[in-house]
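Below is one structure, written out as structure tokens; comments come after it.
Number of protein chains: 2
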Amino acid sequence: MDDLLVRLREHLPADAVITDPDITGGYAHDMASFCAAGTPAVVVLPRTVEQVQHVMRTATALRVPVVPQGARTGLSGAANASDGCIVLSLVKMDRILEVNPVDRVAVVEPGVINAVLSREVQKLGLYYPPDPSSWEMCTIGGNIGTASGGLCCVKYGVTAEYVLGLEVVLADGRLMSTGRRTAKGVAGYDLTRLFVGSEGSLGIVVKAVLALRPSPPPQLVLAAEFATAAAACDAVVRIMERGHTPSLLELMDRTTIQAVNRMAHMGLPDSTEALLLAAFDTPDPAADLAAVAELCTAAGATQVVPAEDAAESELLLQARRLSLTALETIKSATMIDDVCVPRSKLAAMIERTSAIAAKYDLTIGVCAHAGDGNTHPVVCFDAADEDESRRARESFDEIMALGLELGGTITGEHGVGVLKKEWLARELGPVGIEMQRAVKHAFDPLGLLNPGKLF
Amino acid sequence: MDDLLVRLREHLPADAVITDPDITGGYAHDMASFCAAGTPAVVVLPRTVEQVQHVMRTATALRVPVVPQGARTGLSGAANASDGCIVLSLVKMDRILEVNPVDRVAVVEPGVINAVLSREVQKLGLYYPPDPSSWEMCTIGGNIGTASGGLCCVKYGVTAEYVLGLEVVLADGRLMSTGRRTAKGVAGYDLTRLFVGSEGSLGIVVKAVLALRPSPPPQLVLAAEFATAAAACDAVVRIMERGHTPSLLELMDRTTIQAVNRMAHMGLPDSTEALLLAAFDTPDPAADLAAVAELCTAAGATQVVPAEDAAESELLLQARRLSLTALETIKSATMIDDVCVPRSKLAAMIERTSAIAAKYDLTIGVCAHAGDGNTHPVVCFDAADEDESRRARESFDEIMALGLELGGTITGEHGVGVLKKEWLARELGPVGIEMQRAVKHAFDPLGLLNPGKLF
Ligand SMILES: Cc1cc2nc3c(=O)[nH]c(=O)nc-3n(C[C@H](O)[C@H](O)[C@H](O)COP(=O)(O)OP(=O)(O)OC[C@H]3O[C@@H](n4cnc5c(N)ncnc54)[C@H](O)[C@@H]3O)c2cc1C
Ligand SMILES: Cc1cc2nc3c(=O)[nH]c(=O)nc-3n(C[C@H](O)[C@H](O)[C@H](O)COP(=O)(O)OP(=O)(O)OC[C@H]3O[C@@H](n4cnc5c(N)ncnc54)[C@H](O)[C@@H]3O)c2cc1C
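From first to last, the protein sequence lines are chains A and B. Counting from 1, one number per residue, gives the positions in the first sequence under the UniProt record's numbering. Counting from 1, one number per residue, gives the positions in the second sequence under the UniProt record's numbering.
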């Protein structure tokens, strides 16, 4: 341990190496509850690529595990410390190095906050689509680590679609470039995409070339109320089947609506069973919304209210973005599922989730990126109540089993971390897991990078 | 060898195992000239997943190399046979298993022809964007093997963006599922994307789940003539900088235009130095084309002619799609570069390519997916002329060096194969290549899958 600190300090400024347990304790875990987290030996906050390389060389020399971290807003424990590890926090590497409107790329360090980048490129008429609801806090490095999604995915896809090239410090400290800054490129295996979603287990991202798009027109949002979740899902099916491409298509159930109203006094219609938000950022969003309003009505909407303007639209989005946070206030603890099913199975997913809530006598609020079939059933429980905690864990698991049964995946965007390790094995099967491990071994033969995550 | 055939035939129908050298010879190489190709021991044409597994088990047991093949339209020798190999042609596995308009997915076998799938999904109002100019011949398996692009990429991206899930037979015959059929999913490393562009060197794709989009409105094309390639590139920069999203943005130089006219009597304006084709498939393409026409004029276009209707648009696209084939008729042989540069460097790329042509006293026609910065300089030469052949090879290489110097990649869409092996190493550097090899080793420890390609 002393040796570790001495060696680390050889090439790191004093304030970049933190050992005060009062401070390092704050770096122990991300925002997932109920995930094991150890006690880090040290927290390192490098500012340069060379410093990151030095950390990894030291870690390899001394066989010390390393846990990379962004803003620790993750919801699967993927950034949780393990005992005696080096926490490698990239938050101080937060420069936007370049924004190029002709090439439509941004080059950034990993610690850049998602919303900071979004606002910066917007000044140049550009758009970085990936928009997790945590965007004001989370980092691009963390977004890459988890392959983050958000509200815009139904039209614009997830983080993976926007990562063109990376610089990565490998477990042994060597620097590797992957990918490109060109629009296309097929030179060798796509290691860039392999790193996206790898949860810090293959290498440390120290630079990223991101694809940008031209800014779309401001989006206009419509809110439709339904007497049942099934009717709302039917509307989703109709909208997608008709070939519409909304810029978002989100669902909030009654529990979620009420929680948001309680927390933020949003005045959402909280006597309705399901609220669907649809938006378009097309040249004529009002016309598109009118067509969608008709489909909602045909699916049985009890009320359809288009936002009057951009400000009202933004308010509705804020309400949706608050959903997870609001649901967390219902009880002392939550477990947040992230099951994604084929959108034709969305109604079955939501209805059967509510049967699971009844079976376990629990409150499970559901918000969903409905256009993607990506649901977030949030199991609310009292952590002090042992029996309720057990029921919470069981229902959380049963929801993942349901997702797999419906042809879906256990995680649409939050990742596996420590929370869903066993479930990853179930989803991928033995051959899949073996090949995943083989890839891990190819990059990290000593198993030092974020150990205990994923598998 | 006898043992090989006996074993193969144990679980394969007689007509699926071909040894007649007159026939197997036809499977020796793809459409790249000047790439070494060996003599296959046998050509196998399986019709089921189990048959593919049997082939791979046999190959592993007897340590026989296997070269997967689609339609052999590849342009880098990636599908070329090696001596004594099993050529594993997937063309008989050509069923479209499912098209689902709500989930917007198609599930296909690898031998399905790109254009067949495109037409099939179109009947349901859906669109499978990847459209290599060879689309009437090439297979989805080959498209996945090379991560194919095409004309639509500037708006819709390449094959990688449309592969959600795969079933893959591994080198030892085990079957692995990767990915998903949902819109999103982050369960484990993205092995699906790793397979896309892996040129048959990691496993055999036997099934693919592909993402579809709603059919866009028919595209309208505009043709703009320029007195210099630089002016045409300037127009490209202006169009992209202004935030336009054309559905294609293609460039043909004078050599290409003349070759196409000679071959197909298209009546293209062959006194112009560069022809830019731009198209929109937006709700009001005429308005978008008008804006682009203005930008072209501002960049110095000598003539700007919007197509009158869909039929005229299609004719212009056909001309563009014929480019490579037409350039091949200029001399007895060609070497086709595929350099992709940041689009801000397109003018430099094309101008300096023409300096290379002058330096080596060769005809090098250029067509380009200009909106992506992806150029295809086609080096035309007389294969019987030793000196000209040497100059062709040298200029071919110098063009790749130029691409790298301009911050680009040696291959935007045609892949590495045997043609660009040395150049892959230059582009990726020693650490990159070492990690690529490590990944290869993880999947194919005996080195049986498409040996001699990529590295
Ligand atoms: C209120 C709330 C709303 C949310 N909404 C969404 C949402 O809509 N969509 C969504 O997808 N997620 C959402 N999340 C989850 C979370 O915000 C995302 O997963 C986010 O991408 C995490 O970023 P981070 O910077 O906090 O990373 P962290 O949590 O610190 O780390 C995430 C993972 O990335 C790794 N990592 C971090 N930086 C690097 C690096 N430089 N190199 C290598 N590995 C690295 C870590 O080891 C870890 O495995 C939400 C979270 C909260 C709290
Ligand atoms: C006239 C012409 C125009 C072209 N235009 C374009 C263009 O615009 N854009 C573009 O990107 N390309 C273009 N190409 C190149 C070529 O058509 C593409 O690379 C195409 O994707 C190859 O498909 P194929 O079925 O012919 O595959 P093949 O050439 O048979 O194989 C290509 C690679 O994929 C591997 N492979 C094939 N099937 C499988 C499988 N089932 N599992 C694993 N590996 C497999 C092979 O081993 C090989 O490495 C063009 C070619 C021609 C001749």
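Here a beta-carbon is modelled for each residue, glycine too, at the ideal position from N, C-alpha and C.
- In the DSSP annotation of this structure, the continuous segment of the beta strand (DSSP E) that includes Met252/B starts and ends at 248-253.
- Interface annotation, Ala291/A: not in contact with chain B, CB-CB separation never under 8 Å.
- Residues are counted here when their Cβ sits less than 7 Å from a Cβ of chain A; for the segment 234-248 of chain B these are Val237, Met240, Glu241, Gly243, Thr245, given in chain order.
- With fewer than 16 other beta carbons inside 10 angstroms of its own, Ala355/A counts as exposed.
- Exclusion of Pro451/B from the 7 Å shell around ligand 2 follows from its C-beta lying no nearer than that to any non-hydrogen atom of the ligand.
- Judged by DSSP secondary structure, Ser177/A falls within the beta strand (DSSP E) whose first and last residues are 175-179.
- Identification of chain B residues near Lys184/A by a Cβ-Cβ cut-off of 7 Å yields Gly149, Cys153, Val158, Cys340, Asp372, Asn374, Gly412, Glu413, ordered along the chain.
- Looking at Glu294/B, Pro40/B, Glu328/B, the one whose alpha-carbon comes closest to that of Met31/B is Glu328/B.
- With a cut-off of 8 Å on Cβ pairs, the segment 283-294 of chain B is not in contact with the segment 193-200 of chain B, counting fewer than three such pairs.
- Looking only at Asp103/B, Leu75/B, Val66/B, Val102/B, the smallest Cα-Cα distance to Ser89/B is reached by Val66/B.
- Proximity of the segment 275-284 of chain B to the segment 237-250 of chain B meets the contact definition, three or more beta-carbon pairs being nearer than 8 Å.
- Around the beta carbon of Asp131/A, 16 or more other beta carbons sit within 10 angstroms, so the residue counts as buried.
- Per DSSP, the unbroken alpha helix (DSSP H) holding Leu316/B starts and ends at 310-321.
- Taken through DSSP and simplified to helix, strand or coil, Asp270/B comes out as coil.
- Taking each of Gly38/B, Val87/B, Arg72/B, Ile23/B in turn and checking the Cα distance to Pro46/B, the smallest one comes out for Val87/B.
- As the crow flies, the alpha-carbon of Asp397/B is around 29 Å from that of Gln318/B.
- Ser215/B reaches chain A at Gly243, counting residues in chain order whose Cβ is nearer than 9 Å.
- With contact defined as three or more Cβ pairs closer than 8 Å, the segment 420-440 of chain B and the segment 349-366 of chain B are not in contact.
- Contact annotation: Val91/B and Ala59/B have beta-carbon atoms that are not nearer than 8 Å.
- In this chain, His441/B is not harboured by any beta strand (DSSP E); it is covered by the alpha helix (DSSP H) spanning 421-443.
- In the DSSP annotation of this structure, Met349/A is not part of any beta strand (DSSP E); the continuous alpha helix (DSSP H) holding it starts and ends at 346-359.
- Taking a contact to require three or more Cβ pairs closer than 8 Å, the segment 94-112 of chain A and the segment 203-217 of chain A qualify as touching.
- Residues of chain A with a Cβ closer than 9 Å to the Cβ of Gln436/B are, in chain order, Gly188, Tyr189, Leu191.
- Excluding its 5 nearest sequence neighbours in each direction, Gly141/A has C-beta neighbours in its own chain below 7 Å: Gly70, Leu90, Pro110, Gly111, Val205, listed in chain order.
- When rounded, the separation of the alpha-carbon atoms in Gly84/B and Arg63/B is 11 Å.
- Any Cβ of chain B closer than 8 Å to the Cβ of Met266/A would place that residue at the interface, and such an atom is absent.
- Judged by DSSP secondary structure, Phe226/A falls outside any alpha helix (DSSP H) and instead within the beta strand (DSSP E) spanning 220-226.
- For Thr48/B, the shortest separation between its Cβ and any heavy atom of ligand 2 does not lie below 7 Å.
- Taking a beta-carbon distance threshold of 8 Å, Asp103/A counts as an interface residue toward chain B.
- Think of a sphere of 9 Å around the beta carbon of Met400/B: no beta carbon from chain A falls inside it, the nearest being about 10 Å out.
- Ser271/B counts as exposed, since fewer than 16 other beta carbons sit within 10 angstroms of its beta carbon.
- Remark: the C-beta of Gly200/B is in contact range of ligand 2, defined as less than 7 Å to any heavy atom.
- For the pair Ala37/B and Ala79/B, the Cα-to-Cα distance works out to about 9 Å.
- Secondary structure at Lys123/A: coil, using DSSP grouped into helix, strand and coil.
- Under the Cβ distance rule, Pro13/B does not count among the residues neighbouring chain A, no pair being separated by less than 8 Å.
- Under the criterion of beta carbons closer than 8 Å, Val378/A and Leu324/A qualify as touching, at roughly 7 Å.
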